[in-house]
Amino acid sequence: MFSLESFTTIVQDWLNKTFPPNIALFFEFVIVGVLAIALFAGLGLILVLMERKVAAWIQIRLGPNRVGPKGIFQSMADTVKLIMKEGLTPDGADKFLFNLAPFIVMMVAMLVLAPIGFAKGFHIWDINIGVLYISAISSVSVIGILMAGWASNSKYSLLGAMRSGAQMVSYELSVGLSILTIIVLTGSLSINDIILSQQTGWWIFRGHIPAVIAFVIFLIAVTAETNRAPFDLSEAESELTAGFHTEYSGMKFALFFLAEYINIFIVCAIGATLFLGGWMPFHIGTWDSFNHIMDYIPSFLWFFGKTFFLIFLIMWFRWTFPRLRIDQLLNLEWKYLLPISMFNLILMTLIAIKGWHF
Amino acid sequence: MFIKQYFKDIYNAVRSLLIGMNRTGYYFTHHKEIITQQYPENRLELNLPERFRGEVILKHDEHNEHACTGCSACELACPNGTIKIINKFDISPDGKKKKAIDTFVYHLELCTMCNLCIVACPTDAIKMAQNFEHSVYNRGLLTKKLNQDGSKLRAGVE
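Chains as they are written, first to last, in numbering that gives the first Met the number 0: chain A, 0 to 357; chain B, 0 to 157.
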C-alpha cells in the first residue's frame, strides 16, 4: 500500500544523518514552506478553474473553453494577467496598512494549514490542541479584512469590512459549537486523534442525527466565515462594487482572491477531518474484508476526495442561493444556528455520556 | 405556538433551499441543457431561439405579394422613428384610387428590436427575422427598403 509516511521518514533520516540537528530542522522548515506554497499555488489554479466550470454548468453555460484543451489553462492565463498588472495604491490610503493587509490574510491562511493531516503520517505539525489552534487562528483573518477596508479610505471598502467583521464574529460561534459537538465524542483536540477515532466509521454516520445537524450547521457557518455567497455581503458586487478589496489591483488583489480559495480549502479540510474521517478510508464497523479493500486506496486520495466534495457543496450553494441581507444574516445566526447548535451540543453530550453512538 | 412557527420556518427554509439545489444539480449533471452557442464555429448550424429578434422584415409570398396596406400603424407605434412609410396611389382598372405603399423605409441603425411595430400591425405584414449579422462599413447601408421591387398588395387584404 502506497504511503507518504515512509517517504517523509526517509527524508528526515537522511537529513539528520547528513547535517547537525539544527541545520536539518532548518532544511525541514524550508521543505515544508516550499510544499505549502506549492500547494497554495496549485490549489489556487485548480479551485478558480473549478469554480468557473461549476458556475458555468449550473447556469447552463459552457464556461472557460478557449485557453488550452477544454480551457484548463484559463486560470494560469488569469494569473499571468494579474502579475503583469500594476499594483496601484490609492493616494488617500494608509500606505503601510493598505500594503500589509493582503499579506495578513494570506499568512492566516498559511498558519491554519499547520495542524491539518493530509495523509497517514503526513502532518506539518501534529499538536495536541489542533482544533483549538485552528479556530483561534482562523478568526485572525478578520483583522486583515478590517485592515484592508479601513486603510483603503473608501466608503465601499469600509462598509464591506464592517459587514465582514460582524459576520465573521457571529458565525465563529456556530463553527466553534459544531466543532465542539464532535470533540465531545472524540475527547481529544488533536487532529490525528480525531481521525484515528473514526477507524470504525465516520462520525457523521456514527453520531446519529446530532452529528448530521452539526455537519449542516458547520457547512452553513463556514460558508459565512469564508465570505462566500449566499453570505458574501462583505464584497456584494451589486451594492459595494467589491467590498473590502475594491481598491486593490494586480497581485495584491490576487492575494485576497487566493486567500479566499485557500480558506475554502482549509475549512473544507477541517470539515472533512471532523465529520468525514480525514484521510481515514471508508470503514464499516467490523467488516474486515471490506475495510481491507478500502485501505488499498491511498490515504491522501481519501483526504482530497472528501475535501473536494465539500468544496463542491459550497460552490453549489454559491451558485444556487441568493444573497442574504445583513439583518437576515444576523437573524439566521443568532435566532436559528446558535440556539440549535447549543441544544445539539447538549444532546450530543448526552449521547457521548450514555455511549449511544456506534 | 411560537415554537411551532419556529420549526415550521426552519422546515420551509430547508425545503425551499433543497428544491433550488435540486434544480441547479440537475443543470450541473445534464450538459445537454447548455444553451451557449459557440458562434463563429457553428455559424452554419446556428440554433437560435424562436423569439430571437434580429431585424424587421416585410413578409413576401411566392407571387411577390405582401400584406402591407400602408396604414402606417407601425410608424406611429415606433418609439424612435425607425420606420417611415411612403405611400402612393394606384389607379385601379375601374378608375378608383387605391392607396398602396411605395417604399417601406426601415432604419436598422435606430431600431431597438422592441417588437412594438409587429404588435401594432393590423394585417400581420411584418415580422422579426433572426439574421443578426448586420455589420457594414457604410452606415447608409443600414437604411433599408423592405418591400421588394415590383411587389404589390396581396388581393383580399384590407
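Glycine included, C-beta positions come from ideal geometry on N, C-alpha and C.
When DSSP reads this structure, residue 127 of chain B sits in a beta bridge with B:55. Counting along the chain, residue 85 of chain B sits inside the beta strand (DSSP E) bounded by residues 82 to 90. Beta-carbon to beta-carbon, residue 258 of chain A and residue 306 of chain A are separated by about 17 Å, too far to satisfy the 8 Å threshold. The C-alpha of residue 352 of chain A lies about 15 Å from the C-alpha of residue 179 of chain A. In the DSSP annotation of this structure, the continuous segment of the beta strand (DSSP E) that includes residue 102 of chain B starts and ends at 96 to 106. Here residue 27 of chain B has no same chain residue with a Cβ atom under 6 Å from its own Cβ, once five neighbours each way along the sequence are excluded.
Distance from the Cα of residue 129 of chain B is smallest, within the candidate group B:77, B:145 and B:52, for B:52. The C-beta of residue 222 of chain A has 16 or more other C-beta atoms within 10 Å across all chains shown, which makes the residue buried. Neighbourhood of residue 217 of chain A in chain B, by CB distance below 7 Å: empty, with the nearest CB roughly 15 Å away. Beta-bridge partners of residue 151 of chain B (DSSP): B:64.
In this structure, residue 324 of chain A sits away from residue 229 of chain A, with a CB-CB distance that is not shorter than 8 Å. About 7 Å separates the beta carbon of residue 58 of chain B from that of residue 125 of chain B, a gap short enough to meet the 8 Å contact definition. Taking 7 Å as the upper bound on Cβ-Cβ separation, chain A lies near no residue of the stretch 47 to 79 of chain B.
Annotated as proximal: residue 145 of chain A and residue 160 of chain A, with beta-carbon spacing under 8 Å. Among the residues facing chain B, residue 56 of chain A is included, as its CB has a counterpart in that chain under 8 Å away. With respect to residue 116 of chain B, residue 66 of chain B sits apart: the two C-beta atoms are not nearer than 8 Å.
Among the residues of chain B, none has a CB under 7 Å from the CB of residue 328 of chain A; the nearest is roughly 14 Å distant. In this chain, the alpha helix (DSSP H) harbouring residue 3 of chain B covers 1 to 28. Counted as a single uninterrupted DSSP element, the stretch harbouring residue 117 of chain A is not any alpha helix (DSSP H) but the beta strand (DSSP E) occupying residues 116 to 118.
For residue 29 of chain B, the number of other beta carbons within 10 angstroms of its own is below 16, and it is reported as exposed. One finds 316, 319 and 320 in chain A with Cβ atoms closer than 9 Å to the Cβ of residue 16 of chain B, taken in chain order. Excluding its 5 nearest sequence neighbours in each direction, residue 83 of chain B has C-beta neighbours in its own chain below 7 Å: 74 and 104, listed in chain order. CA-CA distance, residue 41 of chain A to residue 303 of chain A, rounds to 13 Å. Cβ-Cβ distances below 8 Å link residue 149 of chain B to 63 in the same chain, with the five nearest sequence neighbours on each side left out; the list follows chain order. Contact annotation for residue 6 of chain B against chain A: no contact, minimum CB-CB distance about 10 Å [criterion: below 7 Å].
Taking all protein chains shown into account, residue 87 of chain B has fewer than 16 neighbouring C-beta atoms within 10 Å of its C-beta and is therefore exposed.
Residue 84 of chain A carries a coil assignment under DSSP once its states are collapsed to helix, strand and coil.
In the three-state scheme derived from DSSP, where H, G and I count as helix and E and B as strand, residue 244 of chain A is classed as helix.
Fewer than three Cβ pairs drawn from the stretch 203 to 215 of chain A and the stretch 131 to 151 of chain A lie within less than 8 Å of each other, which leaves the two stretches out of contact. Under the rule that a run must span 4 or more residues, the alpha helix (DSSP H) segments found entirely inside the stretch 255 to 309 of chain A read 287 to 294.
Counting the other Cβ atoms within 10 Å of the Cβ of residue 91 of chain A gives fewer than 16, which makes it exposed. The beta carbon of residue 46 of chain A lies closer than 6 Å to those of 260 in the same chain, with the five residues before and after it left out. Annotation: residue 128 of chain A to residue 153 of chain A spans about 40 Å, alpha carbon to alpha carbon. Proximity of residue 30 of chain B to chain A, defined by a Cβ-Cβ separation below 8 Å, is satisfied. In terms of CA proximity to residue 38 of chain B, B:132 leads the group B:143, B:132 and B:138. Chain order gives the chain B residues near residue 335 of chain A as 9, where near means a beta carbon separation below 7 Å.
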